Structure formats: structure tokens, C-alpha cells
Amino acid sequence: MLSEKERSKTYFIQTFGCQMNERDSETIAGMLEEEGYTPSEKREDADVVVINTCSVRENADNRFFGQLGVVKKIKEKNPDAIVAVCGCMMQQKRVTDRIHDKYNWVDIIFGTMNIDEFPKMLRERIAEGRQEFHVLDAREQIAEGLPAARRYSFKAFVNIMNGCNNFCTYCIVPYTRGREVSRSPENILSEVRNLAAAGVREITLLGQNVNSYGKAEHLEKDFCGLLYDIAEVDGIERIRFMTSHPKDMPERLIQAFRDCDKLCGHIHLPVQAGSDRILKKMNRHYTKEQYLGILERLREADPDIAVTTDIMVGFPGETEEDFLETLDLVQRARFDSAFTFLYSIREGTPAAKAPDQIPEEIKHDRFDRLVNALNTITAEKNAACVGRTERILIEGRSARGGEGTCTGRTESFKLVNFLCDESRAGQFADVKITEAGTFSLFGELV
Ligand code: SF4
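Heads up, the sequence shown is in our numbering, so the first residue is 199 and it goes up one at a time.
Okay, structure coming up:
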């Protein structure tokens with residue numbers, strides 16, 4: 199039984215990175231709430247501060263250690279506050295070595311594969327007062343049955359697998375999240391049924407490469423089979439997934455965009471580059487024409503499908519001709535939107551050792567040209583939505599709109615702002631699109 203003092207203890211989680219990390223933070227929050235902690239609005243007031251790190255983005259080290267510097271001040275003011283760090287960066291020895299050397303006031307360090315150990319580590323830290331450090335390099339099964347404090351009551355991320363076997367030469371993920379491990383279809387379906395019973399209407403299935411779901415375990419059910427099973431769950435009205443690797447795009451999955459009513463008409467399909475030579479150096483296992491062929495088949499299956507992507511510029515050895523291939527791909531693919539990145543070195547990856555790194559000014563010049571091309575297409579695609587009526591899942595108050603403005607997403611994942619009572623969050627509504635911006639749409643309830 200917790201004492202009154204323990205009952206009023208609070209936590210604050212700062213999350214960097216992708217949806218996988220966001221989902222992990224929901225689990226960490228759920229475990230803390232089971233331990234009797236409640237969320238704190240402000241980091242400086244919290245009794246437990248967790249930083250869930252990401253090593254994918256540029257300058258990850260600087261940003262993380264910068265944050266640790268800020269958190270140190272909280273710890274100086276309140277020496278009883280407990281600081282826990284976790285996530286992808288903790289899977290890198292050079293990072294944990296640096297924490298041990300220079301930030302030894304950090305209380306708890308755990309990795310991406312042993313999140314379930316956090317409550318035990320926290321209890322031991324409180325009881326014994328010494329630093330708790332445990333990071334696993336590999337794990338054969340994903341821990342099941344963990345609680346989650348989910349951000350939304352009407353939409354949810356469902357993790358179907360962890361890790362990646364692809365070893366793209368620029369990417370640190372296979373080293374930080376380990377090899378692919380899939381959850382069993384039974385466990386996933388049970389989670390989805392529970393979510394549906396709790397009022398969730400939209401789920402997003404998560405994995406680094408969902409298309410290879412179950413392959414490492416030789417499961418009978420592939421990703422497409424799982425998708426159709428989930429579509430049978432009463433109450434779930436929308437299904438999304440991310441991310442898909444273009445090299446593993448089975449025809450049946452393409453046809454699911456035509457045949458599976460609950461599958462939303464949006465796919466995030468990272469292309470990374472348009473030059474076959476660079477794609478090969480990246481170890482991506484497809485060519486520009488193969489990628490464009492997939493888009494063609496997707497658009498045959500669902501003419502309204504929205505396609506988003508990730509594109510990187512300045513990969514080692516990228517010439518102007520290579521970059522022009524990327525611009526050509528962008529013009530032909532006509533993405534609805536794209537995340538764009540400047541290549542930057544990730545220590546421990548093969549590309550980090552490449553001798554032909556691209557000078558920063560060239561990278562930035564290419565980046566600007568790429569973003570201009572993409573934004574023009576996104577604006578055109580958004581303008582084409584004006585006049586349409588879209589079914590929106592209302593998410594709540596819009597951060598950008600004024601008083602009484604809500605936000606929500608179309609099936610194609612486009613963000614729409616419209617006047618609406620906030621209390622309708624979680625409901626579906628028909629919204630007529632009246633105006634288009636580069637990054638969002640505006641509409642009115644019909
Ligand atoms: S598919 Fe490539 S880019 Fe994606 S997580 Fe795996 S290694 Fe990284």
C-alpha cells in the first residue's frame with residue numbers, strides 16, 4: 199500500500215523520435231501509473247523524469263546531452279527526483295560510457311528491449327539508492343501484457359514487431375532496436391479487441407518494416423493476413439500501418455487498398471533516393487523504376503491513395519546527376535508529402551566510413567531544391583481537395599486554429615482544421631474542404 203506522499207508522486211516523460219518511441223513512452227507511462235505515479239504538467243515539478251531518446255535524427259547526441267544538462271539543474275534543486283534515460287541511444291555503448299563518465303548522477307538507464315524491467319529498476323533505485331543500469335543487446339520475444347497510458351481514447355498505435363533486418367547502410371536502427379521480432383497474431387488481435395471495446399476506432403499498426411511481419415518466426419500469418427483479421431474486429435473503423443519497405447511489397451497488400459474497406463487510403467513508403475546507384479549503396483534492394491511501378495499498381499488499386507515518403511539528400515558519393523534522378527522521381531511520383539533529411543553520419547553504420555562525404559553547402563543546396571519541388575506538388579495536391587467532402591476523425595482542439603477550431607485527419611492522412619465543438623473529439627464527421635494550405639486543409643462541417 200502506497201503512503202500518502204508516495205501516492206502524490208508524479209512523472210514526466212520527454213519523447214524523441216518516431217511512433218515506435220511514442221508507443222514505448224505510452225507503456226512507460228502506463229507502468230509508472232501502475233506504480234502510483236500521476237502525470238506532471240511540468241518537467242521541473244516531476245518526481246520521476248524519463249527521457250526516451252532517438253538516435254535516428256541529426257544531432258541526436260547533442261540534443262540528448264543538451265537536455266541532460268537542463269535536467270541536471272532539476273536534480274540539483276530536487277536531489278530526490280529520479281532521472282531515467284532509455285530508448286535507442288542507450289543501445290550504443292559510446293553513449294552509456296559517456297553517461298557513466300560525465301553524467302553519473304543519472305539514476306536509471308535501460309534500453310529498447312527491456313522496457314518491462316523499468317518498474318523493478320525504479321523500485322530498486324528508491325530502495326537501494328544506487329544507479330540502475332541494464333541494457334539488453336537482443337531479445338527473442340517482445341514482452342506482452344504491459345499497461346499503457348494512451349494519449350488518445352479513440353485512436354491507438356499497436357506495435358506488431360520490433361527491430362529491423364534490413365541494414366540500410368546509413369541507418370542505426372538494426373543496431374539499436376535489434377533484429378526483427380514479431381508478436382503473435384493472437385496477442386495483437388487480443389490487444390486490438392480490447393482497444394475496440396474501450397472505444398478506439400482507428401488503429402495504426404507499427405513496425406520498422408511491417409511487410410516482413412512474422413517472417414523471422416516463420417508464422418503462417420503474414421502481414422496481409424493479420425490486416426484482414428484486424429479488419430474483422432467490430433468497432434475498429436480505420437486501419438493504418440507504418441512503415442513499409444518497397445522491396446517487400448506483395449501484390450496482395452497492394453490489392454488490400456482496393457479490397458479491405460477499413461484500410462485507409464494512405465501509404466508511407468520511404469524511397470530515400472531516385473538514383474539506382476545511390477539506392478544500391480544504401481542497400482535498399484529496389485530501383486527507381488521498381489519503386490515507381492509499385493506506385494502505379496497502388497494507384498490502380500486505389501486511384502485516390504495518398505502516398506508519403508522519406509527522402510534523403512547528400513548520401514556519400516551522391517553526384518549532381520544522382521540528385522537530378524531524385525528530383526525526377528519526385529516529379530513522377532507526385533507524393534502527397536514527404537519527410538526530407540540531410541544525410542548525416544551515424545557512427546557504427548557502414549556509410550559513416552565512406553570517404554566521399556558530401557560538403558554541407560552542397561547538401562543544403564540540394565535540400566532546398568528538393569523541398570521546393572516537393573512543396574509545390576503538395577500544395578497542388580492539397581488544392582485539388584478543395585470542394586471535396588471528407589470523412590474526418592475529429593482529434594480535438596487545433597493547435598494552429600483559433601478558438602473553437604478542431605483538427606482531424608482524412609482517410610488519406612491529410613490534416614484538416616474546421617470549426618467544431620471540442621467535445622466531439624473521437625467522433626467521425628463529414629467536412630467539406632474549403633481552403634488548402636501547403637501543410638494542412640481548412641473546411642467546414644456539413
Ligand atoms: S528498413 Fe532501413 S531505414 Fe528502415 S529501420 Fe531498417 S535499416 Fe533503418
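Heads up, the beta-carbon is just placed ideally off N, CA and C, and yes, glycines get one too. None of the values given here were measured: they were computed from a predicted structure.
- Spatial neighbours of N481 in its own chain (CB-CB distance under 7 Å, excluding positions within 5 residues in sequence) are listed in chain order as F365, C366 and T367.
- Within the segment 275-328, the complete alpha helix (DSSP H) segments at least 4 residues long are 291-300 and 316-326, listed from N- to C-terminus.
- One Cα belongs to G433, the other to M440, and the distance between them is close to 21 Å.
- Boundaries for R497: no beta strand (DSSP E) harbours it, while the alpha helix (DSSP H) harbouring it runs K486 to A499, taken from the DSSP string.
- For the pair D295 and A244, the Cα-to-Cα distance works out to about 26 Å.
- Between N363 and R377, the gap from beta carbon to beta carbon is short of 7 Å.
- Here DSSP, grouped into helix, strand and coil, assigns P514 to coil.
- In the structure shown, the three-state DSSP call for H483 is coil.
- Applying a distance threshold of 6 Å between residue Cβ atoms and the heavy atoms of ligand 1 selects C362, N364, F365, C366, C369, V371, P372, Q406, N407 and H443, given in chain order.
- Judged by pairs of C-beta atoms under 8 Å, the segment 277-285 touches the segment 246-262, as three or more such pairs exist.
- In this structure, the CA atom of D259 is about 21 Å from the CA atom of G361.
- CA-to-CA, the gap between E239 and L540 works out to about 34 Å.
- Its Cα nearest to that of R255, the residue V371 stands out among T310, F455, V371 and I476.
- Cβ-Cβ distances below 7 Å link E523 to G472, S473 and K486 in the same chain, with the five nearest sequence neighbours on each side left out; the list follows chain order.
- As computed with DSSP, M218 is found in no beta bridge at all.
- Secondary-structure assignment with DSSP links F637 through no beta bridge to anything.
- In this structure, the straight-line span from the alpha carbon of E224 to that of L490 is close to 36 Å.
- Counted as a single uninterrupted DSSP element, the beta strand (DSSP E) harbouring F355 occupies residues K353 to N357.
- Nearest neighbour of F521 by Cα position, chosen from H298, V379, L568 and D278, turns out to be L568.
- The C-beta separation of I592 from A623 comes to about 5 Å, placing the pair in contact by the 8 Å criterion.
- Positions of the beta strand (DSSP E) runs, each at least 3 residues long and wholly inside the segment 209-253, are given as 246-251 in order along the chain.
- In the three-state reduction of the DSSP assignment, S380 falls in the strand class, which pools E and B.
- Ranked by how close their Cα comes to the Cα of T517, the residues D534, I560, V333 and Y350 have I560 in first place.
- For K630, the beta-bridge partners assigned by DSSP are T587 and E642.
- In the DSSP annotation of this structure, the continuous segment of the alpha helix (DSSP H) that includes E449 starts and ends at E449 to D457.
- For secondary structure counted as the beta strand (DSSP E) over 3 or more consecutive residues, the segment 592-625 holds these complete runs in sequence order: 603-607 and 613-617.
- The continuous alpha helix (DSSP H) containing I560 extends over residues E558 to A581.
- Cα atoms of N570 and A627: separation of roughly 33 Å, rounded to the nearest angstrom.
- Per the coordinates, the alpha-carbon of E588 lies some 10 Å from the alpha-carbon of G606.
- According to the DSSP secondary-structure assignment, N360 is paired through a beta bridge with V379.
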